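The sequence shown begins at 1 in the working numbering and counts up one residue at a time.
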Amino acid sequence: MTVQITARQFHEADGVEDWRSLYHLVSAHYRTGSLAEGIALVDEIGQLAGESEQHYLNIDLRHAGVTVSLSRRDIGLARQISAAARALRIPADPTAMQHINVTLDVLVGADVLPFWRALLGYRAIGDDYLADPARRGPGFGVQQMEAARPHRNRMHLDIAVPHDQAEARVAAALAAGGHLVSATHAPMWWVLADAEGNEACVATWVGRE
């Protein structure tokens with residue numbers, strides 16, 4: 001089995017400037033002017049990726065752009081995809097990247113995770129996380145509570161953003177009426193809340209290694 005390199009090792013490599021680590025993924029977004037441009041890029045990527053690489057490659061094609069994600073931090077393939085986009089004169093936009101997880105605070109994860117797995121039709125990854133097998137929906141995870149908190153919303157969003165965009169995203173949320181609950185773990189994550197106290201976290205890969 002190939003050992004997964006760290007996010008830091010990936011970002012220290014040359015030729016991957018288009019890419020950003022978001023939890024377990026590395027992703028790049030390419031702005032296209034038409035669906036035809038996007039299809040041309042996807043066709044190039046299809047020729048670059050071998051059968052084994054296609055198992056950890058995910059592509060989202062839209063009129064406005066192509067988002068490419070790798071669940072293995074494959075520096076070589078990332079470089080090749082970036083080079084293909086440059087050859088087609090399709091620019092990268094790292095600010096467009098994010099990955100969203102829904103997180104539920106629980107007392108006993110084993111008691112509730114099977115329900116959510118069945119309800120969502122997801123597959124389990126470890127004993128605290130569920131993933132959409134079709135890679136369409138957000139991830140779903142459970143987070144251990146020490147004691148019940150009946151007067152607090154127990155479900156929140158975790159929004160993973162590029163490490164160089166996190167402070168701007170936090171600032172935008174605060175300017176839009178939110179408030180900072182905690183920055184104790186920043187830049188790994190910031191805890192924010194809306195005007196009614198509903199919480200969300202802005203997260204990066206920094207500090208997770």
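The beta-carbon is built from N, C-alpha and C at its ideal position, and this holds for glycine as well. Note that this is a predicted model, so its numbers are computed, not measured.
Per-residue burial, residue i [other beta carbons within 10 Å of its own, 16 or more giving buried]
i, result
"V3", "exposed"
"L174", "exposed"
"M1", "Any reading at M1 needs caution, since the residue's pLDDT is 49, under 50, leaving its predicted position unreliable; the model's value is listed next. Exposed, since its Cβ has fewer than 16 Cβ neighbours within 10 Å."
"H99", "buried"
"H163", "buried"
"E199", "buried"
"G207", "exposed"
"L77", "buried"
"S69", "buried"
"G139", "buried"
"D18", "buried"
Opening and closing residue of the alpha helix (DSSP H) in which residue i lies
i, result
"A173", "166-175"
Proximity winner among the options, relative to residue i (alpha-carbon distances)
i, options, result
"A83", "A28, F140, S21", "A28"
"Y23", "A96, D93, S71, R169", "S71"
"A176", "P162, D105, A193, M188", "A193"
"G137", "R149, G121, D127", "G121"
"I81", "V42, L104, G139", "V42"
"A96", "G109, L104, G65, R89", "G65"
"G178", "R169, L107, E37", "R169"
"A195", "C201, T184, L180", "L180"
"V161", "A36, G15, S21", "S21"
"I159", "R62, E146, P133, P187", "P187"
"P114", "N101, Y129, N58, D18", "Y129"
Residue(s) in a DSSP beta bridge with residue i
i, result
"Q144", "V106"
"I45", "BP columns for I45 are empty, so no partner."
"L157", "V102, A200"
"T184", "Looking at the DSSP assignment, T184 forms no beta bridge with any residue, so it has no partner."
Endpoints, the beta strand (DSSP E) within which residue i is located
i, result
"I129", "A quick correction: the sequence has Tyr, not Ile, at residue 129. Where Y129 is concerned, the enclosing beta strand (DSSP E) stretches over 129-131."
"W189", "189-193"
"R123", "123-125"
Run through the region 70-109 for me and flag every whole beta strand (DSSP E) of 3 or more residues, listed as ranges in chain order. 99-106
What ranges does the beta strand (DSSP E) occupy inside the region 5-42, keeping only unbroken runs of at least 3 residues that lie completely in it? 20-22, 25-31
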